Amino acid sequence: MICKRYNIIIPFLLLCFITSSLSSNDENSNDVNLSNLRGIKPSIVFKKTKHGNKRNILNVHVVPHTHDDVGWLKTVDQYYHGWNNTIYQVAVKDILNTIIISLQQNRKRTFTYVEMAFFTKWYYDPTTSSETRQVVKELIQNDQLSFANGGWCMHDEATTHYMGMIDQTSLGHLFLKEEFGYVPKVGWQLDPFGHSYLQGTMMTHGMGFDSLFFGRIDYQDLEKRKLESSVEGFWSSADDTFNKETSKVFWGLTGSYGGNYGAPDGFCFDVLCDDPLLTEMGEATLIERVKKFLESVKEQSDITIGSNVMVTMGSDFQYQMAHINYENLDLLLDSIKNFRDSGAINMTSIFGPRFDDIDIFYSTPEKYTKYKHHEFLQMSADATMSGMNDITSFDDASTAESPLSSSPWSTKTDDFFPYSDNAHSFWTGYFTSRSSLKRLERVGSSFLHAARQIEAFLSREGGGGDILSKYKGHNGQQHTSPLRLLDEGVAIAQHHDGVSGTSKQHVAYDYAKRIHAGMNDAETYVTTLLKNVFISSRSIYGGGDKSVFESEVVLENLSYCQLLNETICHVSQDASKDDENDIFVVVYNSLALNRREVVAIPVSRDAEYNVDVLVTATEESEALDWKPVSSVLIPTTNYADIASATEYALYFNASVLPPVGAAVFRIKIVKTEQKRSTLETSATRKDYYGIHYLKANPRPVAAVNNIEEYDEGTFIVSNGVLEIFFDKSTGVARQLSNPQVGGQRLPILQEWGYYKSYDKAGEQKSGAYIFRPKESNEEPTMISPMSGKSVVFHSDLVTEVHTVYEEHWIKQITRVKSGEPYIEVEYTVGPVPIADGIGKEVITRFHTEIKNNGLFYTDSNGRDFMQRKRSYRPSWNLEEFEFVAGNYYPVNAAIYIEDEKSSLCILVDRSQGGSSIKDGTVELMVQRRTLFDDWRGVGEAMNETVDGITSYDPSEDEPARRLGQGVIITGIHRISVGSGRDGASKARAQMDKVFFPPHIFVASSKSEIFIPFRAPSYSAVKKALPDNIQLITFTKLPSEKYETYLIRLGHQYGYGEDQYLSAPVKVDMNNLLLGFDVVSVVEKTLSGNQDWEKWQEQRLRWENDHTEITSEWTTSLASGNSVILNPLEIRTFEVQAILIEDDVTASS
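Residue numbers for the sequence shown, in mature numbering (1 follows the signal peptide of the UniProt record, and there is no 0): -23 to -1, 1 to 1125.
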């Protein structure tokens, strides 16, 4: 069934309805009731005089709320319980307890809450009685207690990936739906430091929100908006992927448009504030204070279009003693009405001539949105009747904000990055702060994605108990799912002081601890499921009549290799010390595509290893056999000086990875007496200078690496796709070419360097949030590679080129893998030296001859690519004070530049700040070490050390001290080149592979033990999805009758990015679930908390009467159980199916 997204005659019908409503009212009545309008509550009325003339009334929406950071200065638990109060005296449980009591005392009072991490903790707290829980439900029914956003936290928008954003929001939404039947209608991103395009589009419209509110935008943008009364507006898609109107949402600023989200100046009635309380004033003083408040409201209304303003009353961790807040708010609202009625305050003298009077009342963001929507409909109807409905096209298609002639609000199609709050304070440092935590968040999110898939497909015999407990607590008990801890750990890390890197050090440790603990829990569960699917119920020792062992004894040490980035996997390292051991590797592919990868396994010694993949012996037989695959042993350098890191990595060709499935590999160690070293040198590992030719053992690969000398100072490595020219002395790449797309050589020079952090006393310094170099247009201090120190390990499968630099705290390995369309740069940075008393912001910069004319492209949370223009803002004329810092943007997946001949794309494995400071260049900031706090609240310098930080009491003079040397970080960039305007396409081909790497599980066994594998591999899908479609979520839902799954599919290419892969795609849902017959497919909103079709019927529409839609862009079910996905569209489905096979069907 095709869903019609709008009605072109809405304004005409509305006008007729309004006319009818007006005429049907008693002419002697002072109120015109419009309660019959969809979405408008009975309390919404227009005031009339006794003569029937409508008065101009300003509706003042007072919105009590609290902003409870899910970790920042204290950990989540410390904030909740009120621990560690020397840092900040707050207990969130007291906030929630006193709010509930205060709402009960006055039916008119309202409150808006946001962070479900805290709310669920309080709701299931043993000290929260069942009676209190019932009161909560009644307050929700009464519309007194409302929820905005409704996610687990208020996620960051610069350093988050769309996977984490969707997951954390869904976690909160599912709780609200299951426990209260509540569906949030409003996005509420008050505190994040800049706002992304993805947040304003998919994360708002797709989540089923009608509007989005936030506090922070650039100070220059804010001043312009105040002057133009554009502090509210619309936000919608920037291109023709969807019709712009269908995804349009309303957005607005909070905090009286002061760049924040608190109460008007002087009117914070919270115990954390020093403003005078109204309850302690005499009448004369109270009148003056009320006048001051009304003057503040008047100033806000002067720059607001329409007759509604929202006054936010609340801020960080406020309402701990909620009765004080509400007593003063009650008095304020009552006093305004009483002093008006008594004549003590003349409303016309304050608000005239625009308004005759005000109506002030407790409200919510959702209610405010409905009032604004009503105004929109009324304005559209007025414009229609006035003959002003001839909608023209945008004056300039490239303009980021364009007014529509039937609406006073402009439509925004870009984003709010970068954010600065004054001339020298760009919040662009946090794009890189706490690099290791940023990487761990990605690792945890990726593993959670895979674990959900494995659970959904392999836990069929386990019933739905664990599945159900993921979403809903029972009898006040906490959740028990083995994935729940990881779900919550990753969700909490999305907080805007979590993955952003802007928390205190001990809080950053807590974020990391939660993710790690969750991964440990999930690993135990997942490895059990994997053993069950691959291993038969019994195993035979030695075969024949020898002893029989239970299956749980076989491969009982199967473990997830969490530390491969440190070349650590304890099972494989321990097993490789003994010739009598076999190592078994389960490689899991969470992509819904067939996949080939070169996988590295840490081993402990220089030996000959044979690697085989488990396959079916023949097409006619179900018997299993081992088939050889190519492998090579390469010594590791352990540049990060990790104590447990091994000395060798065994690379092998995993070319048979099924979609949403796994394959099994075996590593056998050649007996010691037969062993021959794969390394053609007896030198120590530290002296491997020059080129070393390693023999790939022993079998063919699809494409081979070749190495040859180009001239006296250059050698070429080719891998069947790319040709890379290296400087023989330094090991630095000099040219890249892709013979498959024309072979044009792109000269390239990679450099390392750093900006010196600004640290002048009494002025804005560089810190956790702020990036400010010593000079606004500073040239970074570059660090040269050392000559004669390069090391090359070459084989048919993998070639590594090692480079060390004159500053020994920077090292890198350039890795070329056979058949891959990219080169991999693995860098090790640290400890960043600070003995000179200067903070450093470390960058890598790539120079090319690409003529990008100031244009470069960065992703928006891993989805849309945003065009950036150096020293330019689409929404206002930029007055530039910080050239370098003001041209940095968040990079979550990729950054690229291009011209008509060439493109250069760099993919990242975590969030980083990036830019093109000069034409032809791309730079990324990979690490920061600053020595001063930047005065944005965290109270610590961005100076991470290996042994942490001392505890301290802020009230004492002794500051905290850092312990140990600076941290060492390791990361990976993937570099791709193209032949022209194909930067986005090159990036898209690799983005999912970077975020969803193969997941490696390793076990070991004595060689003589026969392992009775029941299948060579398995796949959860009947067939691979198209190359441009990603299985974003595949998780099991509780269901009594059918097997039920939540499935998200995403189109991974944007409009016009690829000649073929940008086209809409039809996907047959019947091909998704192997071993099932699909019974029903119901589309849901992005978080899965409501039916899409039902939401389409109920949502507030902001379209105009000129809107048209063509059938090719419909997103309903096409036919049967097939769905159509348009470019960059993500769609969520609840799929019910019947199991038709008792056992897991494996694929060979």
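Beta carbons: idealized from backbone N, C-alpha and C, even for Gly.
From a predicted model like this one, the values you see are computed outputs, not experimental measurements.
In the structure shown, P605 adopts extended strand secondary structure according to DSSP, grouped into three states.
Of the residues S632, F629, M258 and T613, the one whose Cα lies closest to the Cα of T623 is T613. Contact between T821 and T947 is ruled out by a C-beta separation of about 13 Å, above the 8 Å threshold. In this structure, DSSP gives L1014 an extended state, which the three-state scheme calls strand.
With a cutoff of 8 Å on beta-carbon distance, T346 and S188 are scored as near each other. In the structure shown, R792 falls within a strand segment according to DSSP collapsed to helix, strand and coil. Annotated three-state conformation of K705 is coil, per DSSP. About 23 Å separates the beta carbons of S837 and G957, which is beyond the 8 Å limit, so they are not a contact pair.
Secondary structure in the stretch 22 to 81: the beta strand (DSSP E) runs of 3 residues or longer, each lying completely within the stretch, are 22 to 24 and 34 to 41 in chain order.
Taking the CA atoms as reference points, N1047 sits about 19 Å from S567. When DSSP states are grouped into helix, strand and coil, P612 belongs to the strand group.
A direct Cα-Cα distance of roughly 15 Å separates E599 from V590. E756 has its alpha-carbon roughly 15 Å from the corresponding atom of F748.
Taking a contact to require three or more Cβ pairs closer than 8 Å, the stretch 317 to 335 and the stretch 267 to 282 qualify as touching.
Secondary structure in the stretch 794 to 823: no alpha helix (DSSP H) run of 4 residues or longer lies completely within the stretch. Here P716 carries a helix assignment [DSSP, helix/strand/coil].
One Cα belongs to H976, the other to I431, and the distance between them is close to 12 Å.
Across the set I619, Y625, V609 and A485, the C-alpha of Y625 shows the shortest separation from the C-alpha of K554. With respect to the 8 Å criterion, A94 and W129 are classified as neighbours on the basis of their beta carbons. About 7 Å separates the beta carbons of I725 and R711, which is inside the 8 Å limit, making them a contact pair.
Just so you know, the alpha carbons of K828 and E877 end up roughly 9 Å apart. Checking the DSSP bridge columns, you'll see V588 partnered with V606 and I644. Each residue's CA atom was taken as its position, placing D969 and L1008 some 10 Å apart. Membership of W1069 in the alpha helix (DSSP H) is indicated by the continuous run W1069 to Q1075. In this structure, S549 lies near P579, with their beta-carbon atoms less than 8 Å apart. Counted as a single uninterrupted DSSP element, the stretch harbouring K85 is not any beta strand (DSSP E), since DSSP gives it neither H nor E. Segment contact: the stretch 783 to 791 against the stretch 886 to 903, fewer than three CB-CB distances shorter than 8 Å; contact not assigned. About 27 Å separates the beta carbons of N126 and P103, which is beyond the 8 Å limit, so they are not a contact pair.
The beta carbon of N869 lies closer than 6 Å to those of H138, D836, N838, G839 and S888 in the same chain, with the five residues before and after it left out. With respect to the C-alpha of G291, the residue from T341, N285, V606 and N323 having the closest C-alpha is T341. Cβ contact annotation for Y849 (same chain, cutoff 7 Å, sequence separation greater than five): L855, in chain order. Residue range Y139 to F157 is occupied by the alpha helix (DSSP H) that includes H150. For M184, the closest alpha carbon among the candidates P808, R1025 and V1055 is that of R1025.
Exclusion of the five residues before and after K794 leaves V575 and V775 as the residues of its chain whose Cβ lies within less than 6 Å of its Cβ. In the DSSP assignment, W165 forms a beta bridge with F190. Contact between V267 and S312 holds, with the beta-carbon distance rounding to 5 Å and staying under 8 Å.
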